[in-house]
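Notes follow once the structure below has been shown.
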Amino acid sequence: MTPQDVEAVYEALARKIDAIAPDQTEPFLAKLALLLAYDCADVARVQRRIDEAALNLDHP
Amino acid sequence: MRPVGRSETDSLYFSYPHFEPPQERAHLEDRAPVAIVGAGPIGMTAALTLARHGIASVLFESKATFNDGSRAICIARPSFHILERIGAVSPFLDKALGWTKGRSFYRGKQILEFEMPDSADEKYRPMYNLQQQFIEQFLWQAIVAQPLIELRWQSTVTGIQDIAGGMMLEVRDLNGTYTMPAEYVLAADGARSPLRKMRGHRLHGEYYEGKYVIADVQMPHDYPTIRRALFDPDCRPGGTVLVHKQPDDIWRIDYQLADDESEADATKEENVRASVAAVLADLDYHGPWELEWWSIYSANTLALDDYRDGRLFFIGDSAHIVPIFGVRGLNNGLADAENIGWKLAHVLTGRAEPALLDSYSPERRGATLDVFANASKSARFMTPPTRGWRLMRDAALNLALSHDFVGFLAKPRQMTPYTYADSPIVAADDQTFGQGSPVAGAALPNARLGEGFLSDHLGQGYTLISFDAALRVDLPDLVTLHLALETPAARVLGAGPKTAYLVRPDGHIAARWHDAAPDQVLAAFHLSQGRPAQ
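Quick note, the sequences are listed as chains G and S, same order.
All you need for my numbering is the position in the first sequence, starting with 1, plus 105.
All you need for my numbering is the position in the second sequence, starting with 1, plus 7.
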């Protein structure tokens, strides 16, 4: 993926999150994660990405 | 529970008999080989299994009739084979509704239709629906015809003690109290098992938050016998509803309670009526209906650490409580009953060593833990316990509206017979078999054979299935079935010209060999009867 590709995905996500109902953000992202994981078809890689996505999040 | 004005056994479709306690008293204190406490489906199946193998038993039941409601309604294929082996299957086949198909809906749209495994090699359908009262009535009819079983109604076991060579039961009925010794005792006294409490044992495991009301209604609803699961329906936003057809125009509606619905409120008649009416509207049923019966349950996975306490064995709900998703409560209980039944019979008739009884708890508790693993997954999907499980469940259901690959998550993980691979009485599997054939410890699969099925040709005790006409092993209690390599059974069993399978009385594979020799068969037979290697 080129930096331009990453930016295109980043922008598309921002626009879609703004376009859907605010309380649908979580299900939207969860559905997206399942779809991309299915396309990726590499469970070990997906598990790694799940852990990485949880890094540096604010704690309650 | 039933509508106001109707007693617990005042059913729209079932006539409850009333059974008296024993009138003839002279023999009540006579020693019994086996005492069985609880004459529900599990206790009665244990008694019939013992009788099939020649052992007499006395059954104690505190109630005066059968179960008050339909409760366990799904009987799986392996259970039909058990019913056949105990000589009781015929009325079940006449009355029960067989089914193979399920449909799941999310917000009113169908997201999944699944077929359960079925083929011309199977004698019975994967699942049958039948109310528990009929299950008990049909088993009772078989018991009445069986002179080796004495069923004592309105007889409550109030105490149990170890004595030399057995156990002493204290029994109370309307006419007094008495004691009765037995060599072995089976506790089939249900989820609240008084015997479990008397012996100081506790169930361990997980409690889930989700609670369901189960309600039966009678209505002329024109829909085939297909299990329906409704996720997040209009009638119960965020909740789950299950719909099953039963005989006599009875429909089972299971609906999940919201977190803020109390058990006491939810089981009030007017609330049950309103909830059922909303479900029926969602099903697009607008005709007349009558409320028959309802109850409540929660989806727990609980089991005893050991199903055996000396000469006392726990079978069915007294040993384990499982969520209904996947219909394993009744079906696993029936497998418990058959498992301990044939083993006790073989020990009591001197055919096997008492060590055989040590295999009951590992085999059947192993089956329960396997059920827990599957049922916990089903329960988490049907009743997500936390925010994370709920978000992912809802996301998967929502995605299933447009993409098929996630729909399977909504599939019930139905009961399959457990493989006793780690059992102390099952031989190590022969690794020279190819993939796809059943391993040692697995339930023997069925296959067409002549005009009938392979299962029709199995013996009362052990069966040696041999594809080598020259293989002969002479043992009492062993029937040898020689099959040709051209039979469907050879394909199902991955057989070569010298292949043999040793099958136990409960239809599980004790051992198998791609190239069998008589001394191997002999050794596996002894192992399967709890005898040390010779």
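From the three backbone atoms N, C-alpha and C, an ideal C-beta is built for every residue, glycine too.
Member of the options whose CA lies at the smallest distance from the CA of residue i
i: T308(S); options: A284(S), T375(S) and L298(S); result: T375(S)
i: F26(S); options: V11(S), R13(S) and T72(S); result: T72(S)
i: I257(S); options: T274(S), F141(S), A362(S) and T426(S); result: F141(S)
i: L351(S); options: R38(S), G61(S) and R400(S); result: G61(S)
i: P240(S); options: V250(S), P231(S) and I233(S); result: V250(S)
i: R394(S); options: P108(G), V151(G), E131(G) and V114(G); result: E131(G)
i: M226(S); options: P244(S), G294(S) and L181(S); result: G294(S)
i: R114(S); options: H211(S), D289(S) and I156(S); result: D289(S)
i: V192(S); options: G183(S), R203(S) and Y469(S); result: R203(S)
i: P495(S); options: P483(S), L509(S) and F474(S); result: F474(S)
i: R455(S); options: Y427(S), A403(S) and L500(S); result: L500(S)
i: E177(S); options: I150(S), E157(S) and M205(S); result: M205(S)
i: L35(S); options: M175(S), Q148(S), A380(S) and I150(S); result: M175(S)
i: A435(S); options: T165(S), H521(S) and R358(S); result: H521(S)
i: I122(G); options: A113(G), F133(G) and R153(G); result: F133(G)
i: S111(S); options: R13(S), Q144(S), Q30(S) and L404(S); result: L404(S)
i: R372(S); options: R199(S), A83(S), T163(S) and S430(S); result: S430(S)
i: V510(S); options: N453(S), G245(S) and D526(S); result: N453(S)
i: D125(S); options: R479(S), E270(S) and A83(S); result: A83(S)
i: R335(S); options: F320(S), L478(S) and D377(S); result: D377(S)
i: A417(S); options: R387(S), L492(S), R199(S) and S64(S); result: R387(S)
i: A271(S); options: N74(S), A281(S) and I303(S); result: I303(S)
Beta-carbon contacts of residue i that lie in its chain and below 6 angstroms, excluding the five residues immediately before and after
i: I49(S); result: A195, I322, G323, G340 and A344
i: A222(S); result: I260, V279, V283 and W301
i: E190(S); result: P40 and G173
i: S77(S); result: Q138, Q139 and D223
i: E360(S); result: G537 and R538
i: T163(S); result: S69 and R179
i: T165(S); result: E177 and R179
i: R235(S); result: R110 and V250
i: F238(S); result: Y113, T247 and L404
CB of residue i within 8 angstroms of CB of residue j, strictly
i: I93(S); j: T52(S); result: yes
i: P85(S); j: A342(S); result: yes
i: L146(S); j: A103(S); result: no
i: A325(S); j: G197(S); result: Here residue 325(S) turns out to be Ser, not Ala, going by the sequence shown. It is a contact, given that the beta carbons lie within the stated cut-off.
i: P445(S); j: I516(S); result: yes
i: D101(S); j: N346(S); result: no
i: K116(S); j: F460(S); result: no
i: E68(S); j: A46(S); result: yes
i: L66(S); j: L158(S); result: yes
i: K505(S); j: A523(S); result: yes
i: A362(S); j: A447(S); result: no
i: V480(S); j: V433(S); result: no
i: E277(S); j: L19(S); result: no
i: A476(S); j: H464(S); result: no
i: Q253(S); j: N136(S); result: yes
i: S64(S); j: A42(S); result: yes
Local Cβ density within 10 Å of residue i, reported as buried at 16 or more and exposed below that
i: S462(S); result: buried
i: S329(S); result: For clarity, residue 329(S) is Val in the given sequence; the question names Ser instead. So V329(S) counts as buried.
i: L141(G); result: exposed
i: D7(S); result: Summary: the structure shown does not reach residue 7(S), with chain S confined to residues 8 through 541, and so no result is reported for it.
i: H88(S); result: buried
i: C145(G); result: exposed
i: F99(S); result: buried
i: D316(S); result: buried
i: T356(S); result: exposed
i: S379(S); result: Per the sequence shown, the amino acid found at residue 379(S) is Phe instead of Ser. Buried, because 16 or more other Cβ atoms sit within 10 Å of the Cβ of F379(S).
i: L471(S); result: buried
i: K275(S); result: exposed
i: E143(S); result: buried
Neighbouring residues, chain G, relative to residue i (Cβ below 7 angstroms)
i: L119(S); result: What L119(S) touches in chain G: nothing, since even the nearest Cβ is about 16 angstroms away.
i: F412(S); result: Y143
Residue i: contacting residues in chain S (beta-carbon distance under 7 angstroms)
i: P132(G); result: L398, D401, A402 and N405
i: K136(G); result: A402, N405 and L406
Interface residues of chain S facing residue i [CB-CB closer than 9 angstroms]
i: A124(G); result: The contacting residues do not exist; A124(G) stays about 16 angstroms from chain S at best.
i: L118(G); result: Here the premise fails: no neighbours, minimum Cβ distance about 16 angstroms.
Chain-order list of residues whose beta-carbon lies under 7 angstroms from that of residue i (same chain, five-residue window excluded)
i: R9(S); result: E15, D17 and W300
i: P24(S); result: T72
i: E122(S); result: T107 and K108
i: V413(S); result: A403, L406 and A407
Proximal chain S residues relative to residue i, where beta-carbon distance stays under 8 angstroms
i: L140(G); result: L406 and H410
CB contact below 8 angstroms: residue i versus chain C
i: R110(S); result: Chain labels in this structure do not include chain C; the protein chains are G and S.
Close-in-space but distant-in-sequence residues of the same chain around residue i (CB under 8 angstroms, 5 per side omitted)
i: S305(S); result: Y214, Y215, E216, G217, K218 and Y219
Residue i: CB within 7 angstroms of a non-hydrogen atom of the ligand NAD
i: G501(S); result: You won't find the ligand NAD in this model; it holds no ligand whatsoever.
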